[in-house]
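**Q** Submitted below is the structure of interest, expressed as structure tokens.
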Amino acid sequence: MVKERLLRAGEVELLYVKSKVYLHPTPSKKDNICGFLSLSRGPLATNNDILLSFSAENQLSKEEIKIYNNVDLHELEVDLEALQISGKRLANAVASKKREDHIVTKPPVSILVGYSFSIPLSFVFSIQVRKPSSGFWHGSLVINTKDGEKLPILFFHDNESASTLKEQKIRNQRFDPFNSSGDLYWGGDDFIKVLLKFIRVVKSTVETSVLLINPDEDDLRNFANNRRKSSIGGDSSSEAATKPIDFKMPNIGKFLNNAKWRVLETVATLGAQTKNQVVDLVDEHAPVPLKQLMSKPEVKKIGDDFDSARIYLAKWAQQVKEEAEESLKKYMLEDDIYNQINKELGSDEYLTEEEINKTSRRDPIGLTEWKSFFDYSGRLNITANEIKSKIFHGGLEPEVRKEAWLFLLGVYSWDTSAKEREELYASYETAYSDYKLKWVEDTEKRSTEFWMDQKHRIEKDIHRTDRNIEIFQNKKTKRTSTTSTGENANNSNERESSPETPDEASEPEENEEDEFNLSNIRNPHLFNVREILLTYNEYNVNLGYVQGMSDLISPLYFIYQDEVLTFWTFSKFMEIMERNFVRDQSGMKKQMLTLNKLLQFMLPKLYKHLEKCQSVDLFFFFRMLLVWFKREFEWNDVFHLWETLFTNCYSSQFHLFVALAVLSANERIIIQNLQQFDEVLKYMNDLSMKMHLDPLLIRSELLFLKFKRMIDIIDRENSIARSSGKFDNVVNVDHELRQLLNKEPIIQKEVERPEGVGGG
Amino acid sequence: MSGKKKTLLKVIILGDSGVGKTSLMQRFVDDKFSQQYKATIGADFLRKDLTLDNNKQVTLQIWDTAGQERFQSLGVAFYRGADCCILCFDVTNEKSLNNLTSWKDEFLVQSNISNPQDFPFIIIGNKIDVDDSKKIPSLQKKLNNIVNQLAVNANGLTYPVFETSAKDAINVQAAFEVVAKMALQQEEINDANANDASDDYNDAINIHLESEQRGCC
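Residue numbers (the UniProt record's numbering), protein chains in the order written: chain L, 1 to 760; chain F, 1 to 217.
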């Protein structure tokens, strides 16, 4: 006979319990928190006051655990209808005696007391139901409170929970493993079923996995489509309004991402398996979406060109990761991307809400918005810093670049008026032709070995730079002035003025075989680029043309398609890039050293691993740093990345944070899969054209903010230490690291070319 | 997969910018050609398995590098453990031929090779597909001079010379087969010499596929 008694203060009656519900505070299994999900009612409580609680096992007494387990296992046998209490019977029910074996201490009503939490049903706004994928990931519930908070996600470990296992067994015996909606039964089903008995639950018509708890009219409007809402409980008769919806999509992408990672974790730790074994493994265990992904030709192909199991796995993992990020872009709001990256970076502990919010992305600046920054005289009516911050956080529409890059690169200063800029343009035009004449009119110069070498170098490189871009492709038509495109493209007269113009008469008919004759440039745009580079070679005599510059100039030429503006934007760009090209390579060495220090500071675990791989010289970053990731991203992304870097919004060396973000995004893959210098180099080289820029930029910004915060903390601690005389406690921050906080560009000029030294 | 571990041979291609280093490598490894390989920045490598006459299975790891001299000073890491070096020039560009000596010297300085006199070099003159009129005048004579000059300190070795066209796939395969044989010899010398186990670098990528099971973490 079960004893019954009245509830005392501080006690509740358990109405429903599910055992083996977990929180997953980190991706690591060992950090999982096991506990009970329960619904309970205290004395004199209405249905709205019923507590929804998660109680961590380790915070309950042995006796209580026994009671929770008992309710979990046996309560479902009780007729659920009996639990439903209509308003009429409420007082009665509340006052009645309770089964003693259902009474426990009231779970603490606060969010997160050592991972336990408890909340009255009236405070629950919505519950997102995420069903399990059989044998692969756990079903879970995401509870959002009325305050807009998201409680820790509850994961149902069905294979451990006594009541779920029992119910599954019963259903299997009845040959009815499905729940009422036809889906496979899982632990969360019971909970929802019980919930319906106590409170009105309405399924969102926008996202049917979201259950709205006791929603009011506004909630319903926001969560309803034009279709009628479907109510799965309660008796709501309110019509769904037709007002446009503003509903946040749930974290499907993130969810998918987690799922993919779980497969990867399993598979990638088997690093030494052959790829066939890997494929078998995936076939056996992967869920359908992942299998579909795996069968994509581009993913399959990865296996074909390289047979080292580790690189294969690493590349494959990277590919899947990119896919996952792509899906984030599709399904997640920007906020969620930050949260995800943030969580991974662990920046929560370093950054304030405000700082994190600052990183939110905006739409690119379009022409209308750009024009609105200027007054009638063409002067800025907002500050340059405001514009830079907008550009940094969203970039520019292509049609704005033509004007905006002139400011960004310092061809025009931000405080000029339209009239002043007109005058400046005229002087730029004159100056350009003066520099150009220096080589055009000097036949002696053009016959020196150095000059001819430089010309050869330029021609060789422009012939193989971005030839897939339309304006740089050879047309099948005969060269005429009409092949010029763009309003500013040079006319043929100017072009013929160059002494390096091939003799029209001697030019062979269109002939692909003629490629080796480098001087014979048929494409008018390539021709212009050569003129500009030859003039730059004269303008910056000490540096001259160096390989890699053709990669830097081609996006600029693409924007302006004009010799004068391309020349000056290029020259300004080269002021900050000159240190990449100096003869002794000291500028590149220094940047790689700074990056090395930054890596140690920010990602010490990865640094240690790269040390084992003999890769801490970071040579694999050479290409990325030399031409600012030009070879790593698609054509359109290069513009976006560069204008972000031009702003010097946070640091004149923000590109090093982009590099750090590349490493950070690949940290796990590198540590788990790569062990040798050449493996690391191959992996990093092959990231080319496979990275997504937007998530990387967000990651870079967060890394910078975290870096800055870390320096701030060190400085603060240092000043405390100094003021209390504890000088031993002072931490010295490396000069180069501190310099990363500087927004002033670092200029390093090439020294004069020593006698007898060529341009190589 | 066979249980036998293949020998990994590391080959470095050097030469002036634009002589066709990337094209030669692509032709040999993937049997393809494009006019528009971008100028190499930094370094990269490709691998190719090869069966030699004696049925010996080897894997060539071929390193492609940037041609502009100033970029060499940073990229020395990948010179370590090289088994053969290809000195490459363009048969239409006399300067690229004349520069072979400095490329060889540069390599020996940077690579820290233990037996510079015996180290195998091979010379490849690329772009023989172009019209004779564009080629270096009296190429054979000049080439012989350079080759003799290169071999001055080379213990009486002669360095093999190949004239190739990466574009038309002429002689590329043959040249790399010789590269593989020479590299294999060098590798065996290295193995014999260097019993100090610290030099596991040569085992670069052909690593432990069968032998090693990594623990699950």
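Cβ atoms here follow ideal geometry from the backbone N, Cα and C, with glycine treated the same way.
Have a look at residue 10 of chain F and residue 569 of chain L and give me their C-alpha separation to the nearest angstrom.
**A** Locating residue 10 of chain F in the second sequence gives position 10, where the first residue counts as 1. Locating residue 569 of chain L in the first sequence gives position 569, where the first residue counts as 1. One C-alpha to the other measures close to 43 Å.
**Q** Check whether chain F comes within 7 Å of residue 619 of chain L, counting only Cβ atoms and requiring the distance to be less than that.
**A** Counting from one through the first sequence, the residue named residue 619 of chain L turns up at place 619. Closer than 7 Å to some Cβ of chain F, the Cβ of residue 619 of chain L qualifies, so yes.
**Q** Contact between the region 601-616 of chain L and the region 517-531 of chain L: three or more CB pairs below 8 Å?
**A** No, because fewer than three Cβ pairs between the region 601-616 of chain L and the region 517-531 of chain L fall closer than 8 Å, the two stretches do not touch.
**Q** Along the chain, which unbroken stretches of the alpha helix (DSSP H) at least 4 residues long are found entirely within the region 81-163 of chain F?
**A** With a minimum length of 4 residues, the continuous alpha helix (DSSP H) runs that stay inside the region 81-163 of chain F are 94-98, 100-111 and 139-150.
**Q** Mind pulling the chain F residues with CB within less than 7 Å of residue 626 of chain L?
**A** For the purposes of this step, residue 626 of chain L is taken as residue 626 along the first sequence, with counting starting at 1. The answer, in chain order, is 41.
**Q** Anything in chain L within Cβ reach of residue 69 of chain F, meaning under 7 Å, just list it in chain order.
**A** Your numbering for residue 69 of chain F matches position 69 in the second sequence. Here the neighbours are 760.
**Q** With distances taken from CA atoms, which of F:68, F:71 and F:22 is nearest residue 276 of chain F?
**A** The displayed coordinates of chain F run from 1 to 217. Any statement about residue 276 of chain F would go beyond what the structure contains.
**Q** For the region 14-33 of chain F, list every residue whose C-beta sits within 7 Å of some C-beta in chain C, in sequence order.
**A** As a matter of chain content, chain C is missing from the structure shown, whose protein chains are L and F.
**Q** Applying a beta-carbon distance threshold of less than 8 Å, which residues of chain F neighbour residue 685 of chain L?
**A** The residue you call residue 685 of chain L lines up with position 685 of the first sequence. What residue 685 of chain L touches in chain F: 42 and 44.
**Q** Is the number of C-beta pairs between the region 14-30 of chain F and the region 428-446 of chain L that are closer than 8 Å three or more?
**A** The region 14-30 of chain F, when compared against the region 428-446 of chain L, does not touch it at the 8 Å Cβ threshold.
**Q** Check whether the Cβ atoms of residue 86 of chain F and residue 25 of chain F sit closer than 7 Å, and answer yes or no.
**A** Position 86 of the second sequence, counted from the start, is the residue given in the question as residue 86 of chain F. Position 25 of the second sequence, counted from the start, is the residue given in the question as residue 25 of chain F. For residue 86 of chain F and residue 25 of chain F, no; Cβs fall outside 7 Å.
**Q** Determine contact between the region 171-183 of chain F and the region 111-125 of chain F, defined as no fewer than three beta-carbon pairs at a distance below 8 Å.
**A** Contact holds: three or more Cβ-Cβ distances are below 8 Å.
**Q** Can you tell me the Cβ-Cβ gap for residue 52 of chain L and residue 39 of chain L, rounded? I've got them flagged as a contact below 8 Å.
**A** Within the first sequence, the letter at position 52 stands for residue 52 of chain L. Within the first sequence, the letter at position 39 stands for residue 39 of chain L. With a Cβ gap of about 6 Å, residue 52 of chain L and residue 39 of chain L count as contacting.
**Q** Is the CB of residue 591 of chain L under 7 Å away from at least one CB in chain F?
**A** For this step, residue 591 of chain L is matched to residue 591 along the first sequence. Chain F contact via Cβ: absent.
**Q** Out of L:122, L:50 and L:160, which has the shortest C-alpha to C-alpha gap to residue 35 of chain L?
**A** As a working mapping, residue 35 of chain L is identified with position 35 in the first sequence. If we check each option's Cα against that of residue 35 of chain L, L:160 comes out closest.
**Q** Along the chain, where does the beta strand (DSSP E) containing residue 467 of chain L start, and where does it finish?
**A** Taking the first sequence and counting its residues from 1, the one referred to as residue 467 of chain L is at position 467. Unbroken run through residue 467 of chain L: none, as it is neither H nor E.
**Q** With a Cβ-Cβ cutoff of 7 Å, do residue 362 of chain L and residue 394 of chain L count as a contact?
**A** Locating residue 362 of chain L in the first sequence gives position 362, where the first residue counts as 1. Locating residue 394 of chain L in the first sequence gives position 394, where the first residue counts as 1. Taking 7 Å as the Cβ cut-off, residue 362 of chain L and residue 394 of chain L qualify as a contacting pair.
**Q** How close, in whole Å, do the beta carbons of residue 136 of chain F and residue 127 of chain F come, if the pair is a contact with beta carbons under 8 Å?
**A** Translated into positions along the second sequence, residue 136 of chain F becomes position 136. Translated into positions along the second sequence, residue 127 of chain F becomes position 127. That pair is no contact at about 11 Å.
**Q** State the start and end residues of the unbroken beta strand (DSSP E) segment that holds residue 117 of chain L.
**A** Start at 1 with the first residue of the first sequence, and residue 117 of chain L comes out as number 117. Its beta strand (DSSP E) spans residues 117-120.
**Q** Identify every run of the beta strand (DSSP E) within the region 17-69 of chain L, keeping only runs that are complete inside it and at least 3 residues long; order them along the chain.
**A** With a minimum length of 3 residues, the continuous beta strand (DSSP E) runs that stay inside the region 17-69 of chain L are 33-41 and 51-56.
**Q** Bridge partners of residue 211 of chain L, per DSSP?
**A** Working through the first sequence from its first residue, we reach residue 211 of chain L at position 211. BP columns for residue 211 of chain L point to L:127 and L:203.
**Q** Count the other C-beta atoms from every protein chain shown that fall within 10 angstroms of the C-beta of residue 666 of chain L, then say buried if there are 16 or more, exposed otherwise.
**A** Against the first sequence, residue 666 of chain L aligns to sequence position 666. By the neighbour-count rule (16 or more Cβ atoms within 10 Å), residue 666 of chain L is buried.
**Q** Closest by CA to residue 160 of chain F, which one among F:166, F:167, F:151 and F:168?
**A** Locating residue 160 of chain F in the second sequence gives position 160, counting from the first residue. Checking every option, the nearest Cα to that of residue 160 of chain F belongs to F:151.
**Q** I'd like to know if residue 585 of chain L contacts chain F, where contact means its C-beta is closer than 7 Å to some C-beta of that chain.
**A** Counting from 1 along the first sequence, the entry for residue 585 of chain L is found at position 585. Yes - at least one Cβ of chain F is within 7 Å of the one on residue 585 of chain L.
**Q** Within 7 Å of any Cβ in chain L, is that where the Cβ of residue 104 of chain F sits?
**A** Along the second sequence, read from residue 1 onward, the residue named residue 104 of chain F stands at position 104. It does not: the Cβ of residue 104 of chain F has no partner Cβ on chain L nearer than 7 Å.
**Q** Please confirm whether residue 30 of chain L has its beta-carbon closer than 7 Å to some beta-carbon of chain F.
**A** The count along the first sequence starts at 1 and reaches residue 30 of chain L at position 30. No, its Cβ sits nowhere closer than 7 Å to a Cβ of chain F.
**Q** Three or more C-beta pairs closer than 8 Å, one from the region 94-107 of chain F and one from the region 572-586 of chain L: is that the case here?
**A** These segments do not touch.
**Q** Please state whether the Cβ-Cβ distance between residue 465 of chain L and residue 550 of chain L is less than 7 Å.
**A** Residue 465 of chain L sits at position 465 when you count from the first residue of the first sequence. Residue 550 of chain L sits at position 550 when you count from the first residue of the first sequence. For residue 465 of chain L and residue 550 of chain L, yes; Cβs fall inside 7 Å.
**Q** Does any residue of chain L bring its CB to less than 7 Å from the CB of residue 185 of chain F?
**A** On the second sequence, residue 185 of chain F is found 185 positions in, with the first residue counted as 1. It does not; no Cβ of chain L falls within 7 Å.
**Q** For residue 174 of chain F, go through chain L and note every residue whose CB falls closer than 8 Å to its CB, in chain order.
**A** Here residue 174 of chain F corresponds to residue number 174 of the second sequence, with the count starting at 1. Correct list: empty, because the minimum Cβ distance to chain L is about 23 Å.
**Q** Just mark residue 12 of chain F as buried or exposed, buried being the case when its beta carbon has 16 or more other beta carbons within 10 Å.
**A** If you number the second sequence from 1, residue 12 of chain F lands on position 12. Per the 10 Å Cβ criterion, buried.
**Q** Give a yes or no on whether 7 Å exceeds the smallest Cβ distance from residue 166 of chain F to chain L.
**A** Indexing the second sequence from 1 puts residue 166 of chain F at position 166. No, its Cβ sits nowhere closer than 7 Å to a Cβ of chain L.
**Q** In chain order, what residues of the same chain lie with their CB nearer than 7 Å to the CB of residue 388 of chain L, ignoring the 5 residues before and after it?
**A** As a working note, residue 388 of chain L is residue 388 in the first sequence. Counting only Cβ-Cβ distances below 7 Å, and skipping sequence neighbours, we find 647 and 649.
**Q** Compute the Euclidean distance between the alpha carbons of residue 680 of chain L and residue 462 of chain L, then round it to the nearest angstrom.
**A** Counted from its first residue, the first sequence places residue 680 of chain L at position 680. Counted from its first residue, the first sequence places residue 462 of chain L at position 462. When rounded, the distance between both Cα atoms is 30 Å.
**Q** Would a check of beta-carbon distances place residue 751 of chain L closer than 7 Å to chain F?
**A** For the purposes of this step, residue 751 of chain L is taken as residue 751 along the first sequence, with counting starting at 1. False, the Cβ-Cβ gap to chain F never drops below 7 Å.
**Q** Of all the options F:38, F:70 and F:60, which has the alpha carbon lying nearest to the alpha carbon of residue 184 of chain F?
**A** What you label residue 184 of chain F is simply residue 184 of the second sequence in a count that begins at 1. When only C-alpha atoms are compared, the closest one is F:60.
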